[in-house]
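K.L.:
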Amino acid sequence: MPILNDILTLLPELYLVVAVCLILLLDAFMKPAQRPQLHWIAIVVLLVAIYLVIAGQPDQSVTAFNGMFVRDHLAEILKVFALGITATVFVYARPYLIDRGMLGGEFYTLMIFAVLGVMVMVSAGNLVTVYLGLALLSLSSYALVALNRDAKLPPEAAIKYFVLSALASGMLLYGMSMVYGASGMGGTPTLDLAQLHNVMAYTTAPKLLLFGLIFMLVGIGFELGVAPFHMWLPDVYHGAPTPMTTFIAAVSKLAAFGLAWRLLETGMGDLTRYWQPMLAALATASLMIGNLVAIVQTNFKRMMAYSTISHMGYVLLGLSAATPEGYAAGLFYVITYALMGLAAFGVMLALTRAGFECEEITDFKGLNQKAPWTAFLMLLAMFSLAGVPPLFGFWAKVLVLEAAIHANMLWLAIVGIVAAFIGLYYYLYVIKVMYFDEPDEGTVVAVKADLSLRVVLSVNGLALLALGLYWGPLLGWCQRAFGV
Amino acid sequence: MFNHILSLLIWLPIVGAIPVLLAGSARPMLARSLALLITIVTFVASLWLLRYDPNGPVMQLAETHVWIATWGVHFTLAVDGISVALILMTTFVGILVIGGAWKVIQNRPHQYMACMLVLEGLLIGVFCATDALVFYAFFEAVLIPMYILIGMWGGPRRVYATLKLFIYTFTGSVFMLIALLYLYQKAHTFDLATLAALPLTMKEQTWLFFGFLIAFAIKVPMVPVHTWLPDAHVEAPTGGSVWLAAVMLKIGTYGMLRFILPITPDAGAHFAWIVIVLSLVAIVYIGYVALVQPDMKKLVAYSSVAHMGFVTLGIFMAFMLVRDSGNIEMASLGLQGALVQMISHGFVAGAMFTCIGVMYDRTHTRQISDYGGVINMMPWFGFFYVLFAMANTGLPGTSGFVGEFMVILASFSASPWIAIFCAFTLIIGAGYTLWLVKRVLWGPVTTEHVKHMSPLNGRETWVLVGFAVGVLAIGVWPQPLVHLMDSSVAHLVQQLAVHKI
Numbered sequence: 230m231p232i233l234n235d236i237l238t239l240l241p242e243l244y245l246v247v248a249v250c251l252i253l254l255l256d257a258f259m260k261p262a263q264r265p266q267l268h269w270i271a272i273v274v275l276l277v278a279i280y281l282v283i284a285g286q287p288d289q290s291v292t293a294f295n296g297m298f299v300r301d302h303l304a305e306i307l308k309v310f311a312l313g314i315t316a317t318v319f320v321y322a323r324p325y326l327i328d329r330g331m332l333g334g335e336f337y338t339l340m341i342f343a344v345l346g347v348m349v350m351v352s353a354g355n356l357v358t359v360y361l362g363l364a365l366l367s368l369s370s371y372a373l374v375a376l377n378r379d380a381k382l383p384p385e386a387a388i389k390y391f392v393l394s395a396l397a398s399g400m401l402l403y404g405m406s407m408v409y410g411a412s413g414m415g416g417t418p419t420l421d422l423a424q425l426h427n428v429m430a431y432t433t434a435p436k437l438l439l440f441g442l443i444f445m446l447v448g449i450g451f452e453l454g455v456a457p458f459h460m461w462l463p464d465v466y467h468g469a470p471t472p473m474t475t476f477i478a479a480v481s482k483l484a485a486f487g488l489a490w491r492l493l494e495t496g497m498g499d500l501t502r503y504w505q506p507m508l509a510a511l512a513t514a515s516l517m518i519g520n521l522v523a524i525v526q527t528n529f530k531r532m533m534a535y536s537t538i539s540h541m542g543y544v545l546l547g548l549s550a551a552t553p554e555g556y557a558a559g560l561f562y563v564i565t566y567a568l569m570g571l572a573a574f575g576v577m578l579a580l581t582r583a584g585f586e587c588e589e590i591t592d593f594k595g596l597n598q599k600a601p602w603t604a605f606l607m608l609l610a611m612f613s614l615a616g617v618p619p620l621f622g623f624w625a626k627v628l629v630l631e632a633a634i635h636a637n638m639l640w641l642a643i644v645g646i647v648a649a650f651i652g653l654y655y656y657l658y659v660i661k662v663m664y665f666d667e668p669d670e671g672t673v674v675a676v677k678a679d680l681s682l683r684v685v686l687s688v689n690g691l692a693l694l695a696l697g698l699y700w701g702p703l704l705g706w707c708q709r710a711f712g713v
Numbered sequence: 002m003f004n005h006i007l008s009l010l011i012w013l014p015i016v017g018a019i020p021v022l023l024a025g026s027a028r029p030m031l032a033r034s035l036a037l038l039i040t041i042v043t044f045v046a047s048l049w050l051l052r053y054d055p056n057g058p059v060m061q062l063a064e065t066h067v068w069i070a071t072w073g074v075h076f077t078l079a080v081d082g083i084s085v086a087l088i089l090m091t092t093f094v095g096i097l098v099i100g101g102a103w104k105v106i107q108n109r110p111h112q113y114m115a116c117m118l119v120l121e122g123l124l125i126g127v128f129c130a131t132d133a134l135v136f137y138a139f140f141e142a143v144l145i146p147m148y149i150l151i152g153m154w155g156g157p158r159r160v161y162a163t164l165k166l167f168i169y170t171f172t173g174s175v176f177m178l179i180a181l182l183y184l185y186q187k188a189h190t191f192d193l194a195t196l197a198a199l200p201l202t203m204k205e206q207t208w209l210f211f212g213f214l215i216a217f218a219i220k221v222p223m224v225p226v227h228t229w230l231p232d233a234h235v236e237a238p239t240g241g242s243v244w245l246a247a248v249m250l251k252i253g254t255y256g257m258l259r260f261i262l263p264i265t266p267d268a269g270a271h272f273a274w275i276v277i278v279l280s281l282v283a284i285v286y287i288g289y290v291a292l293v294q295p296d297m298k299k300l301v302a303y304s305s306v307a308h309m310g311f312v313t314l315g316i317f318m319a320f321m322l323v324r325d326s327g328n329i330e331m332a333s334l335g336l337q338g339a340l341v342q343m344i345s346h347g348f349v350a351g352a353m354f355t356c357i358g359v360m361y362d363r364t365h366t367r368q369i370s371d372y373g374g375v376i377n378m379m380p381w382f383g384f385f386y387v388l389f390a391m392a393n394t395g396l397p398g399t400s401g402f403v404g405e406f407m408v409i410l411a412s413f414s415a416s417p418w419i420a421i422f423c424a425f426t427l428i429i430g431a432g433y434t435l436w437l438v439k440r441v442l443w444g445p446v447t448t449e450h451v452k453h454m455s456p457l458n459g460r461e462t463w464v465l466v467g468f469a470v471g472v473l474a475i476g477v478w479p480q481p482l483v484h485l486m487d488s489s490v491a492h493l494v495q496q497l498a499v500h501k502i
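Chains as they are written, first to last, in my numbering: chain A, 230 to 713; chain B, 2 to 502.
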C-alpha cells in the first residue's frame, strides 16, 4: 500500500489540516462567550502536532508522493521548533488579543495555516511543493498582518508586505521556470529537487540555469530578509500587530532557512561555486546594513527588524560555507535567533496593555525598578542577541564564524566580527534604558498578570542562559540533520 | 568535594547571587549579610588552594568535564602558582569590597551585591580555566556585571563610561576569538596545553600575536588603548573601581601569560620591542599625565596604567632576556617581578580607591581642590592613606617596592636604557602620589567639605586594615608568594624559550 505509506509520512500535516478546519467550524458555531476557549484548543492542536512529528520520525530520510515531500531530520527540527514557537506566540499573544478585541478563530486558524505552510515548505522535495508551502505561509501572513484592520499602520504594512512579497515570489517562480527549462535541454525536464542536482552536468543551457539560480536567490533573500532585499522588514515589523511580528521574526525565518537549504543544497548543490560568493556578498551587506541602521532606530520593533537583517547575515555565513558543518551552524543560528527574538518580543507583549503599545525603546525606561524580573529576561535576550558569552547567542556566532573560517573565508568571519561589535551598541542601549534610566510618567506601569505568559516567558528567557551553558545536545541534533 | 574545589569556587558566588537577589530591596540588611557570608565562605574555601605544591607538577587540582562533545570542548579547570595567588587575592578583595559597599549603596543594594558576587565568580573562572574557549567565555562574561555595576550605581557620566568600557573591551576580545577559532582549525581542540605545543609558522604567529595583543592590551590597559579606564574609574562606584583596579586589569596580563607566551613565543620575541616601548610610554608619559589630574580617582586610574606598564614590561622583557642573551635567571626575575607587581597593585590600587571612596562618601566630591587638612578630621584615615600612598610610590617595606625592584633589576640586564626609563617611575610616582597626599591630607582645614568629615567608622577601619595587611605582608615577606609562583614562572620561561617554527 504505497499510498498509505505516503499518507502516514504526511500525517502531521494532514492532521493539522483537519484540526484547523475543525477549529474553523468550532469558531463558527461557538457562543461568543466561549470563543476564548479556542486559545487552549489551538495550543493543544499544536502540541499534538509536535508529538506526531517526533513520534513518526523515520530514522532515514523518507519521501512521499514520488519525491514531492521529504521527511528527514532537518524537516523534523524545523517543524518542531516552528510548531513550538507558534504555540508560545499564542501564549504571549492572548492578553494582547483580549485587550484589542482580536481574540477569535481567525487569528488561530490563520496562524495554524501559516505554520502548515512552513511545514510543507521545509519538507519540500519538489519546486512545486516549495512554492505551495511558501504561498500558504505568505497568504496567511498578509491577512494576519492586516488583522487589526481598523488601526492605521497594519493595513499599510500588509499592503507593503503583499506587494513586495508578490514581486519576490514572482522572481522565485521565474527562476524556477528557468531552471525547469534548463533541465529540459539535454534531458528530461524535471521539477524534482534531487534530480535538479545534476542538471549542470548535462544541460545544454548552463547560462539559463545560472540565471534561474540568481532569480531564485532573490526570492530566498527576500524570505530571509537579507540586504538588499530587506526593505519590507522594518515596515512590516513596525506595522504588524506585535504577535504577528513575533511570528514573522521567529517562525518565518526558520522556514526561510529550510527553503534556502532545500533550493541551494538539494537542488543547486552542484552550483556551489556560483552561489557561494553571492551568499557571502549578501551576508556582508546584511551584516553591515542591519547593524548600522539599527543603531539609529528609536522604535524597538524597527530596531529588532534591522537586528533580524544582521542576524540573517550570520545565518548566511553558515550557509555560504556550503559544508555540512556550515549548514549545521546555520541551522543552529536560526534556531537561536528564533528563541532570542521570541523572548524579546515576548517581553514587549508582556508590557503592552489596552491603549498602550510598548514599542518605543524609551517605553522600557526604568523597567528594572518596576518589574525587575521582566527586565532581567530582556537583559538576557539583549546580551544573547549581542553575542556576549555565556549566553546562547554567543555560541551560535562562534559556530558560524568557525564554519566560515573552515571554508577558507577568513575575511567573511572578520566582517562578521566587525559587525558584532557595531551591533553591540544598540543592544546595550536597550539595557541602558531599562537599568540606568529613571522611569517616566506614562511608561510601563506593570507587567501583565497573565500567569501562563509569565511562566512561559520566564522559561523562554532562562532557556537562553541554560542553552548557553549547555548547548551540546542542540548542536548534536543540528549536526545529525546534515549527517556531520 | 575537594576534587571539585575550583568549580566550587566559581559557582559558589554566582549561585549565591540568587538568594541575595531574592532577599529583595525590602530586606537590604539580609541581602548584605548574605553577600558577606558568601564571600567569606568563598575565601575560606579558596584557602584550600594553598595545598598547591610548588614542587609538584605545574598544573594541579585539575578538573575535566566533557562539555560539548561534538566540538571537543571540555570544561577544564586547573591552577598553577600564578592562578593560586590571583584567586586568593580575588576572594580576599571580594570580602573587602562587600564590606566597603555596606552602607554606601542605598539604591537597590541587593542587586549591587548580586552583581559583585557574579563578578567574583566569573573572575575566579578566568584565573583557572585551562580551555581557551572556557577562558574566553569567562573573560567576556565579566563585562556583563561590570556594565550593570557602573551604569546603575555610577556617577553622572556613567552611561558614557560604561558603554565605552564595554564596547572597547568587547571590540578587542573579538579579535582574540578569531585567533582562537583559527587555532581550533589547526589543532581541533581548545585545550591550552595542546595549543602551546602546536607548531606554527611565523606568519601565523604574527597574526595570532596581534589578535591576542589587541584583546589583552585593551584589558590591561596599555597605551594607547587605555582611555576607557580613567572614564570607567571616575564614574564607577567605589566597589566597581576596586574590582576594576584590583582584579579586572589583571586578567589582561594574565591572558598574556597564558596565551601570548606559550602559543606565539616566536612572534612574541620578534615584536616584544613594541610592547616594551608601549610599557615605557605608560610608565613615563602616563605618570606625567597622572601628575596633572585634578580628580583623585582619575589620578589613581592613571597611576594604575603606569603600574600595569611595569607588569607588561616585566613579561615582555623576559623575551629579550631569554632570546637575545639567554639570561634565564634574569628573565625569571622579571616575570616574578611582574607577577608580584600584579598582586601588589591589586591591593594598593584597591586600597587607594577605597580610601577615595571613604572620603567621597562624606563629601561627595572627588576634586583634589575641595580637600585639604583631612588629617585634622580623620587622623586614622590619614595613617592608612599615607601607608597606601607610600606603597603606591614603591617604598621599601611595602608591596609596591618588591615588584618594581625586581622588574628594574631585570631590565638592567636587558638594557640600561630600559632601566633608566623604568626608574623614572620612582620619581614621577613619588611626585604625583606625595603631592596628592600633601594637597588632600596636610595643611589646615580650608574647605567647607572637609569641616564636616567624620572619623573612620569601625567597618571602614576593618576594610582598610584588610588592605593594609595585604600590602605589608607582601612588602615585608614576599618569599612565600615568590616561592608559590616559582615553578610556574620557570615553566613559563621554558615555554617562551621554545622555537616553534
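Backbone N, C-alpha and C fix where the C-beta goes; we use that ideal spot for every residue, glycine too.
1) Could you please tell me which residues of the stretch 644-665 of chain A, in chain order, have their CB closer than 7 Å to any CB of chain B?
2) Comparing the C-beta of B:L182 with each C-beta of chain A, is any distance below 8 Å?
3) Verify whether the separation of the beta carbon atoms of B:G155 and B:A237 is less than 8 Å.
4) Can you check whether the C-beta of A:V688 is within less than 8 Å of a C-beta belonging to chain B?
5) If distances are taken between C-alpha atoms only, which option among B:L334, B:L482, B:V359 comes closest to B:G101?
6) Got a sec: which bits of the stretch 61-84 of chain B sit with their beta carbon under 9 Å from any beta carbon on chain E, in order along the chain?
7) Quick one: grab the DSSP three-state call for B:H66.
8) What separation, rounded to the nearest whole angstrom, lies between the Cα atoms of A:V408 and A:P435?
9) Here's a check: name, in chain order, each residue in its chain whose Cβ is nearer than 6 Å to the Cβ of A:F486, leaving out the five neighbours to either side.
10) Does the beta carbon of A:V428 come closer than 8 Å to any beta carbon on chain B?
11) Hey, how far is the Cα of A:M414 from the Cα of A:G362?
12) Can you check which of these residues, A:D679, A:T471, A:P702, A:S539, is closest to A:K530 by C-alpha distance?
13) With a threshold of 8 Å, are at least 3 pairs of Cβ atoms found where one atom belongs to the stretch 628-641 of chain A and the other to the stretch 501-519 of chain A?
14) For the alpha helix (DSSP H) containing B:L78, name the first residue and the last one.
15) Given that a residue counts as buried once 16 or more other Cβ atoms are within 10 Å of its Cβ, and exposed if not, what is B:D192?
16) Which residue wins for smallest C-alpha separation from B:L31, given the options B:L493, B:P110, B:A390?
17) Within 10 Å of its beta-carbon, does B:M203 have 16 or more other beta-carbons around it, so buried, or fewer, so exposed?
18) Excluding the 5 residues preceding and the 5 following A:Q505 in the sequence, name in chain order all residues of the same chain whose CB lies nearer than 6 Å to its CB.
19) In whole angstroms, what separates the C-alpha of B:A233 from that of B:L150?
20) Can you check which of these residues, A:E452, A:L251, A:L596, is closest to A:I538 by C-alpha distance?
21) May I have the straight-line CA-CA distance separating A:Y290 from A:K308, to the nearest angstrom?
22) If you measure between the beta carbons of A:A572 and A:G690, is that distance less than 8 Å?
23) Leaving aside the five residues before and after A:M611 along the sequence, list all residues of the same chain whose C-beta is less than 6 Å from its C-beta, in chain order.
24) In chain B, which residues lie with their C-beta within 8 Å of the C-beta of A:A642?
25) Between the C-alpha atoms of A:A678 and A:T581, what's the straight-line distance to the nearest angstrom?
26) Going by DSSP in three states, B:R109 sits in which element: helix, strand or coil?
27) Could you tell me whether the Cβ atoms of B:L300 and B:A291 are closer together than 8 Å?
28) Below 8 Å on C-beta distance, what does A:V196 contact in chain B?
29) Could you spell out the range, first to last residue, of the beta strand (DSSP E) harbouring A:V455?
30) Using a Cβ-Cβ cutoff of 7 Å, what residues of the stretch 181-212 of chain B are near chain A? List them in chain order.
31) In chain A, which residues lie less than 8 Å from B:Y137 when you measure between Cβ atoms?
32) Output needed for A:D669: all residues of its chain with C-beta closer than 6 Å, excluding positions within five of it in sequence on either side, in chain order.
33) On the three-pair Cβ rule with 8 Å, is the stretch 308-315 of chain B touching the stretch 401-413 of chain B?
34) When you compare only the Cα positions, how much space is there between A:G399 and A:L442?
35) For B:V490, collect the residues of the same chain with a Cβ closer than 8 Å to its Cβ; drop the 5 residues on either side in sequence, then sort them by chain order.
36) Is it the case that the stretch 419-439 of chain A contacts the stretch 385-394 of chain A, given that we only count it when at least three CB pairs across the two stretches are under 8 Å?
P.N.:
The structure says:
1) Listed by position along the chain: I646, A649, F650, L653, Y654, L657, K661, Y664, F665.
2) B:L182 counts as touching chain A.
3) Yes, the pair counts as a contact, with Cβ atoms nearer than the cut-off.
4) So no, A:V688 is outside the interface.
5) Minimum Cα distance to B:G101 is reached at B:V359.
6) In summary, chain E is missing from the structure at hand, where the protein chains are A and B.
7) Here DSSP, grouped into helix, strand and coil, assigns B:H66 to strand.
8) Linking A:V408 to A:P435 through their CA atoms gives a straight-line distance of about 9 Å.
9) Its chain contains V563 as the residues whose beta carbon lies nearer than 6 Å to that of A:F486, once the 5 sequence neighbours on both sides are disregarded; these appear in chain order.
10) So, not an interface residue.
11) Going from the Cα of A:M414 to the Cα of A:G362 covers about 28 Å.
12) Comparing alpha-carbon positions, the option among A:D679, A:T471, A:P702, A:S539 lying closest to A:K530 turns out to be A:T471.
13) Yes, they touch.
14) In the DSSP assignment, B:L78 falls outside any alpha helix (DSSP H) and lies within the beta strand (DSSP E) extending over 74-80.
15) Within a 10 Å sphere around the beta-carbon of B:D192 sit 16 or more other beta-carbons, which makes this residue buried.
16) Measuring from the Cα of B:L31, the nearest candidate turns out to be B:P110.
17) An exposed status is given to B:M203, since fewer than 16 other beta-carbon atoms sit within 10 Å of its beta-carbon.
18) So the qualifying residues of the chain are S549, A551.
19) Each residue's alpha carbon lies about 11 Å from the other.
20) With distances taken between Cα atoms, A:I538 lies closest to A:E452.
21) Note that residue 290 of chain A is Ser in the sequence shown, not Tyr. A:S290 and A:K308 have their C-alpha atoms some 15 Å from each other.
22) The answer is yes: Cβ separation under 8 Å.
23) The answer, listed in chain order, is Y656, V659, I660.
24) Neighbours of A:A642 on chain B, chain order: I179, L182.
25) Between A:A678 and A:T581, the C-alpha separation is close to 11 Å.
26) The DSSP-derived three-state label of B:R109 is coil.
27) Contact flag set, yes.
28) As displayed, chain A neither begins before 230 nor continues past 713, which places residue 196 of chain A out of reach and without an answer.
29) No beta strand (DSSP E) holds A:V455; DSSP gives it neither H nor E.
30) For the stretch 181-212 of chain B, the beta-carbon criterion of a distance under 7 Å to any beta-carbon of chain A is satisfied by L182, Y183, Y185, Q186.
31) Under the 8 Å cutoff, chain A gives P618.
32) Non-local C-beta neighbours of A:D669 in its own chain, meaning closer than 6 Å and more than five positions away in sequence, comprise K594, ordered along the chain.
33) The stretch 308-315 of chain B is in contact with the stretch 401-413 of chain B.
34) Going by the C-alpha atoms only, they are around 14 Å apart.
35) By the criterion of a C-beta distance shorter than 8 Å, B:V490 is surrounded in its chain by G82, I83, S333, L336, Q337, L340, once the five residues flanking it on both sides are discounted.
36) The count of Cβ pairs closer than 8 Å, one atom from the stretch 385-394 of chain A and one from the stretch 419-439 of chain A, stays below three, leaving the stretches out of contact.
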